[in-house]
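Colleague: For the sequence shown, the residue numbers in my numbering are 75 to 293. Built from N, CA and C at the ideal position, the CB exists for glycine as well. Since the model is a prediction, treat every value here as computed from it, not as a measurement. After the structure tokens below, expect a handful of questions from me.
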Amino acid sequence: MFVRDCMTRNPVTIRPESDPLAGVALLKSGGFRRLPVVDAEGKVVGIVTRTDLDLFLSKAGSPGVLKRQHRVDQVIKREVVTVPPDCPLEEAANLMVKHKIGSLPVVEDGRIVGIITETDIFKQFAAVLGGGSASLRLTVQVPNVPGQLAELAGRIAQVSGNISSVVAYAADRPERINITLRVEGPDRGTVLKAISDQAGLEVLHVWGGEGEEPTALHH
């Protein structure tokens, strides 16, 4: 998954010489919280947020004075964190967490080509993990050694199960690893029986597959 797969292309932007009221109007009409500020060549020179504009406007005087004497570049944050379109999605998410920001302008060859927000990332991860799907969601813990995922997939395939998504992540102990899968085809009982005697495997959680409530299981 890459930023280009879920970014908004040709995002709404504003020029640094625009008046702050124009920025507020764009934010309101689009339902945005922030706007990239770009120069005449499309290069990102800053970013402006609704909070910053509201604070500035509360101190700036009448609308007439604003248009004559004030510009967006008096309000913008000039140190902008950006990403290229081929940035892995998880790295973009990590940048948002690290810098405590909710969006990233996407820049290619020095010019803005898109914007990606935390909501875009949430949607993509939900899609990858099968959020809203009626398929069986299974979380297991296995020894952190080669071959465990292959064996698990093989056992599911033997009962005609199709793995539509899989994510592996660290367990509470370094010698173990957690694996979450979405499985289509066989019912819950069939899948659980197929994997029940895999050495070192522990079923942590089961969701869906038969219209049932989620279940936490431990062997």
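Less than 8 Å between the CB atoms is what I'm expecting for Val-265 and Leu-203, so what's the real figure, rounded?
Modeller: With 8 Å as the limit, Val-265 and Leu-203 do not qualify as a contact, their Cβ atoms being about 17 Å apart.
Colleague: Check the DSSP bridge columns for Glu-258 and list the partner residues they point to.
Modeller: Answer by DSSP bridge pairing, in chain order: Asn-236.
Colleague: Can you tell me where the beta strand (DSSP E) with Pro-217 in it begins and where it stops?
Modeller: Pro-217 -> beta strand (DSSP E) spans 210–217.
Colleague: Judging by CA-CA distance, which residue of Leu-129, Ser-239, Asp-147 and Leu-131 is the nearest neighbour of Gly-205?
Modeller: Here the closest residue by C-alpha is Ser-239.
Colleague: Just how far apart, CA to CA, sit Ala-224 and Glu-153?
Modeller: Taking the straight line from one Cα to the other gives about 45 Å.
Colleague: Go ahead and pull the three-state DSSP assignment for Glu-249.
Modeller: Residue state, collapsed to three classes: coil.
Colleague: Among all the DSSP beta bridges, which residues are the ones paired with Ala-166?
Modeller: In the DSSP output, where bridge partners are listed per residue, Ala-166 has none listed.
Colleague: Count the other C-beta atoms from every protein chain shown that fall within 10 angstroms of the C-beta of Gly-97, then say buried if there are 16 or more, exposed otherwise.
Modeller: With 16 or more other Cβ atoms within 10 Å, it is buried.
Colleague: Using the Cα positions of Glu-276 and Val-214, report the straight-line distance between them to the nearest angstrom.
Modeller: Approximately 5 Å, taken between the alpha carbons.
Colleague: For Lys-174, name the three-state secondary structure that DSSP assigns.
Modeller: Here Lys-174 sits in coil by DSSP.
Colleague: Tell me, please, whether the segment 224–236 touches the segment 177–196 by the rule of three or more beta-carbon pairs shorter than 8 Å.
Modeller: The segment 224–236 vs the segment 177–196: no contact.
Colleague: On the three-state DSSP scale, how would you describe His-293?
Modeller: Because His-293 carries a pLDDT of 43, less than 50, the predicted location of this residue cannot be relied on, and no value is offered for it.
Colleague: What does the alpha-carbon distance come out to for the pair Phe-130 and Pro-248?
Modeller: Distance between the alpha carbons of Phe-130 and Pro-248: 50 Å.
Colleague: From which residue to which residue does the beta strand (DSSP E) around Val-277 run?
Modeller: 276–281 is the extent of the beta strand (DSSP E) around Val-277.
Colleague: Nearest-angstrom Cα distance between Asp-113 and Glu-91?
Modeller: Computed Cα separation, rounded: 9 Å.
Colleague: Helix, strand or coil for Ile-195, going by three-state DSSP, please let me know.
Modeller: Residue state, collapsed to three classes: helix.
Colleague: From the DSSP output, in three-state form, read off Thr-82 for me.
Modeller: Three-state DSSP puts Thr-82 in a strand.
Colleague: Only counting the same chain, and skipping five residues up and downstream in sequence, which positions put a Cβ closer than 6 Å to that of Thr-254?
Modeller: The answer, listed in chain order, is Thr-213 and Val-241.
Colleague: Distance check for Ile-237 and Lys-267, CA to CA, integer angstroms please.
Modeller: Answer to the nearest angstrom: the Cα atoms are 16 Å apart.
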